[in-house]
Each structure stands twice: as C-alpha cells, then as structure tokens.
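Chemist:
Numbering (the numbering used here), first residue to last: 80 to 608.
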C-alpha cells in the first residue's frame, strides 16, 4: 500500500520534549465509529517533558513506503505481519450506487456499509497527483500522511494539504509511529501538533481524524525495543493523545491491521480507540469489542480493503478504504450528516445563507438541529428567506418595549413588525416581542402564512379550510388553525402518524432547527424562485 499521511510536525529534534442513514450489516445493530475522546493527560503514563528524547540518529529512521510496513498487497502473504488475508474464493469487495448513495459490499456480496464514502490515503510516495481530477472523481475524502517518527515530515504534505484545501476535499491525516515507549510517543504527538499548528490546521478542519498508525515496524538498532504487549501500547497511545490534546487536537484515532490488533494491540481500551482497520481480502475479520458489546453498541469499522486501487488523477495504484458516510459533514456543519433528519433541507439552508450556524473556537461549525428556534432567530430566517430586502432600521418604528439596538437581529425584528408578519403581545407595559422565547409549531404556521402573503401569494391571507381537518388535534378552536391547515394544504407541513393511525400536528410543540429547515425549504419551493 502507499504510505498514508499521518499527522506530522515541524522539526525540533534537538530540543527538549514539550509538554451515521442506517449502516446495513445483517444480524447486527451497529453504531457509528467516532474518534475517541482524548483526556488532558495520559493515563498511567509519566513523562518528563523537560528531559530530551532519546539520542537517536533521525536520518537512520526508515521512511515507510507503505502504511503497513510489510510491503504492497501484491507482495503480501497471509502472515501475522501482514494485513492481507486471502479468502478461499479470493472474491473482492465492491461498490454499488443507487440514487446517488454509495454502498460498499464485502467479497461475499453482503452489504458492509451503506451509505458509504470512498477514501484514499496519499503520501510523498504517490509521486504524481492531479488533484483537479481527484476532486472530480468518486473519491469523497482523503487521508494525508503527515509524517513519521519524531519530526520527520512527509515531503508532499504541504503541497497535498494546499490541494485538498483548494478543491474543498474533506481530509484527515495520519502519523506513522516508531514509538517504543511513552516518551517517544509524546514526541510523535508533539511533532504532529507542531506541524498542524504551523499550517493552521484546526481541530475543526480535520473532518476525518488524525490517525496514529501503529504497526510492526523495523528500524536498525531499535527493532528489539519494539513494543509487543498491549499494556505498552496503551501507554504509547495515551502519551500521543496527551501531546495532541495539549495543543487542542482531540479528533484522534488509531489505524492498524487485523492481525496486529488481535495480538500486540489486543486491548479493549485500544480497540475502543480504533476506527480504521486494514485487511485485504473478501471480508474484514476484525470485530474489536463487538463480542461483548450490546446490540446497540456494536460497531462497523472503516475498512482499508486494498492497496491496489486506481483513482483518476493518481498514477499507479493507491490504497482504497470504505468509510461510514456519517463521518462526512453536510452543509459545512460538523453535526449534520446523511442520517440527520432533513439533512438536505439543512444543506439548502446553508447554501442560501439563511443559516450560518455556530463557529467554535477550534473552527468547527455546528447547526444544532435539535435546538429550539427562538423568535429573534426566526426573524432573521424569515428576513433572509424573503431575500434580505432593503430596510433601514434606524428609520423604522420600534413597537416593542423589550427590543433594543443590542437585541440580536434587531433589524430583522423591526422588519418583521413593519410587514405585519409579527405583532407581538400587548402588555400593561407596552407591546413585547419576547425574542428569546421558543417558537411553537402553530405560531410558525402563522409566521409562514403571513410571509407567503408578503412575498406575493395573494391567496395565503384569504384561504379558508374546507371539509374536515386532516389533523386529529386541530379544530376551529386551535390558535392559528386556518394557517396550520393552509400550511398542510401547500405541502409545507405533514405532521405525525400516531400509533392509532391518526395524523397530528402537535401545535404546541417547539419548532426545532432541523424541522424549521424543512418548513422554510418547502415554503420556498411552493412560492417558487
């Protein structure tokens, strides 16, 4: 296989150490593999961060040409030092696509991941990459080799990083480990963190994790120090994670191959941190903690299934992997993926600029789909849906005693009032908008009906219900019942089918952001461009 890029860092060798949609898999209920949470300090590991790392000749450290050190798939044999395990029939895994959704099948024809994404890993050993062609291919994401050992940076990392950024290809990184103890591993983590920081890669930009590549390495003069016990590797991984977490990089995980995971890494702790596994053959045999896990906690691993893949834009062969599609964020939001309710509506909301979400300190942007929509945010959404019309708030009348220029979305609230879309509440102290109050579904119906009228639908204000209500919980006494039924008649609201077969609207239920995305998208489709 071609070497995968693990996180690698800028050199400080002479300095002191410094402190998922549904996964289809017959007979198993499977949960999404996510990178493990990283503690602030390494467990059961004592590291003197003021003591220099072992005095070694870094130039003598081999530059691994393959992600696992045994060689290419064509050279591999079914041995403990290789991820290759040939099936009796030598059937190969394959992909299928339906309605734009990719499904990955193992060599027996069984669905392994659906929906799935195709991932490649690249390094300096992939000597010629046309990234424009890669971006136009069926590759969904890339793992870049960052480096190996201590301060050994992959020579192509900077160029590859620039390319995936230019073409907006989601990416992760990997770092090939030569660590034989926790102190060495801490320096590997520090090396990767240095590198990522130098090129302004944030924790949030790493859509795929920073993988710690653990396998059976050889290194003249040091091979006899190579770890062989899971307990030793637990300390190594904890030290690497500690160094990364200290710099804010918590999106980490383990990569290895089946035989190594079942022997040298045979620890429930390490298995819990493993999300990417190499094995070349008809099936992935590694099961990790699934044998003792509940049905709900059984996991599907991201599978590197060949080193002999071909991809448009890459010369020669390349490693191919099938990853869970739920790892790939949609709409620029880290918490939105193919399994999120109304995912495509959220993507539309983002693409139109109606919602920008929240940006965290690490660069991660989230949508928070299950958060309730508050009235002041609703004002902004409706204003943007209407096309952000010219409106001078400084010249507008403010009818609300609880709205000031410091109120979030002050301008949009006054616009909402000026159009009659929101009238607020009359109180003894004056009219209130109550911007921090959540919006309930029946009030949302009124907002959307009035917005439609404002945007040119002359029938919206005049429409009257006829016949019986389609919703068992909506009567002529329900607040805004006319607007609720108008919303349903236009296909904007669909309601819930209850266990007794009836359909309900649940008018007093809070509108959550992912449902709001669907309401707004459907209304826009109804009104037309």
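We put the beta carbon where it would ideally sit given N, CA and C, even for glycine. These figures come from a predicted structure and were not determined experimentally.
So the alpha helix (DSSP H) residue 314 belongs to, where does it begin and stop?
Modeler: Segment 309-325, the alpha helix (DSSP H) holding residue 314.
Chemist: Report the three-state DSSP secondary structure of residue 291 (helix, strand or coil).
Modeler: Strand, per DSSP.
Chemist: Does DSSP put residue 243 in a helix, in a strand, or in coil?
Modeler: In this structure, residue 243 counts as helix in the three-state DSSP scheme.
Chemist: With 16 other CB atoms within 10 Å as the buried threshold, where does residue 217 fall?
Modeler: Answer is exposed; the Cβ neighbour count stays below 16.
Chemist: Give a yes or no on whether the C-beta atoms belonging to residue 139 and residue 297 are separated by under 8 Å.
Modeler: No.
Chemist: Once the 5 residues before and after residue 597 are set aside, which same chain residues still bring their CB inside 6 Å of it?
Modeler: 421 and 424, listed in sequence order.
Chemist: Is it the case that the region 484-502 contacts the region 551-565, given that we only count it when at least three CB pairs across the two stretches are under 8 Å?
Modeler: They do not touch, by the three-pair rule.
Chemist: Grouping DSSP H, G and I as helix and E and B as strand, with all else coil, what is residue 180?
Modeler: In this structure, residue 180 counts as strand in the three-state DSSP scheme.
Chemist: Specify, as a first and last residue, the run of the alpha helix (DSSP H) that residue 384 falls within.
Modeler: That residue, residue 384, is in no alpha helix (DSSP H); its beta strand (DSSP E) goes 381-388.
Chemist: If you count every other CB in all the chains shown that lies within 10 Å of the CB of residue 202, and 16 or more means buried, which is it?
Modeler: Buried, by the Cβ-count rule.
Chemist: Please classify residue 379: is it buried, with 16 or more other beta-carbons within 10 angstroms of its beta-carbon, or exposed?
Modeler: Answer is buried; the Cβ neighbour count reaches 16.
Chemist: Would a C-beta distance cut-off of 8 Å place residue 252 and residue 310 closer than the cut-off?
Modeler: No, these two residues do not count as a Cβ contact at 8 Å.
Chemist: Nearest-angstrom Cα distance between residue 303 and residue 450?
Modeler: So the two alpha carbons sit approximately 55 Å from each other.
Chemist: Under 8 Å by Cβ, that's how I've got residue 400 and residue 369 pegged, so tell me the actual separation to the nearest angstrom.
Modeler: So it is not a contact: roughly 19 Å between Cβ atoms.
Chemist: Residue 444 to residue 545, Cα distance in whole Å?
Modeler: Cα to Cα, the separation comes out at about 45 Å.
Chemist: Our contact map puts residue 225 next to residue 232 with C-beta atoms below 8 Å; I'd like the distance itself, whole angstroms only.
Modeler: Right, their Cβ atoms sit about 7 Å apart.
Chemist: How long is the line joining the alpha carbons of residue 564 and residue 356, rounded to whole angstroms?
Modeler: Roughly 52 Å separates the two Cα atoms.
Chemist: Using 10 angstroms around the beta-carbon of residue 178, count the other beta-carbons present and answer buried if the total reaches 16, otherwise exposed.
Modeler: Exposed, because fewer than 16 other Cβ atoms sit within 10 Å of the Cβ of residue 178.
Chemist: Once DSSP output is grouped into helix, strand and coil, what is the label at residue 419?
Modeler: Here residue 419 sits in coil by DSSP.
Chemist: In angstroms with no decimal places, state the Cα-to-Cα distance between residue 350 and residue 263.
Modeler: Residue 350 and residue 263: Cα-Cα distance of roughly 21 Å.
Chemist: By DSSP, does residue 200 sit in helix, in strand, or in coil?
Modeler: In this structure, residue 200 counts as strand in the three-state DSSP scheme.
Chemist: Measuring only the C-alpha atoms, how far is residue 392 from residue 199?
Modeler: Near 12 Å, if we compare the C-alpha coordinates of residue 199 and residue 392.
Chemist: Which word fits residue 568, buried or exposed, when buried means at least 16 other C-beta atoms lie within 10 angstroms of its C-beta?
Modeler: Looking at its Cβ environment, which holds fewer than 16 other Cβ atoms inside 10 Å, residue 568 is exposed.
Chemist: Can the beta-carbon of residue 192 be found closer than 8 Å to that of residue 250?
Modeler: Going by C-beta atoms, residue 192 is not nearer than 8 Å to residue 250.
Chemist: Pairs of beta-carbons, one from the region 509-527 and one from the region 588-604, closer than 8 Å: are there three or more?
Modeler: In short, these stretches touch, since the Cβ pair count reaches three.
Chemist: Going by DSSP, name the residue or residues bridged to residue 519.
Modeler: In the DSSP output, where bridge partners are listed per residue, residue 519 has 589.
Chemist: State the Cα-Cα distance for the pair residue 275 and residue 520, rounded to the nearest angstrom.
Modeler: When rounded, the distance between both Cα atoms is 45 Å.
Chemist: Following the continuous alpha helix (DSSP H) through residue 463, name the residue where it begins and the one where it ends.
Modeler: Start and end: 454-464.
Chemist: Can you tell me whether DSSP reads residue 480 as helix, strand or coil?
Modeler: Coil at residue 480, not helix or strand.
Chemist: Figure out for me which residue from 211, 593 and 204 has the closest Cα to the Cα of residue 235.
Modeler: It is 204 whose Cα lies nearest to the Cα of residue 235.
Chemist: Can you list, in chain order, the residues of its chain whose CB lies under 8 Å from that of residue 550, leaving out five sequence neighbours each side?
Modeler: Excluding sequence neighbours, residue 550 sits near 563, 564, 567, 574, 582, 583 and 584.
Chemist: Looking at residue 518: is its Cβ nearer than 8 Å to the Cβ of residue 454?
Modeler: Yes.
Chemist: Here's a check: name, in chain order, each residue in its chain whose Cβ is nearer than 7 Å to the Cβ of residue 604, leaving out the five neighbours to either side.
Modeler: Once the five neighbours on either side are set aside, residue 604 has no close Cβ partner at all.
Chemist: Take residue 535 and list the residues in its own chain whose beta-carbon comes closer than 8 Å to its own, dropping the five residues that flank it on each side.
Modeler: Excluding residues within five positions, the ones whose Cβ falls inside 8 Å are 606.
Chemist: Give the single residue among 181, 197 and 593 whose Cα lies nearest to the Cα of residue 390.
Modeler: The shortest Cα separation from residue 390 among 181, 197 and 593 belongs to 197.
Chemist: For residue 375, count neighbouring C-beta atoms within 10 Å of its own C-beta (all shown protein chains included) and say buried if the count is 16 or more, exposed if not.
Modeler: With fewer than 16 other Cβ atoms within 10 Å, it is exposed.
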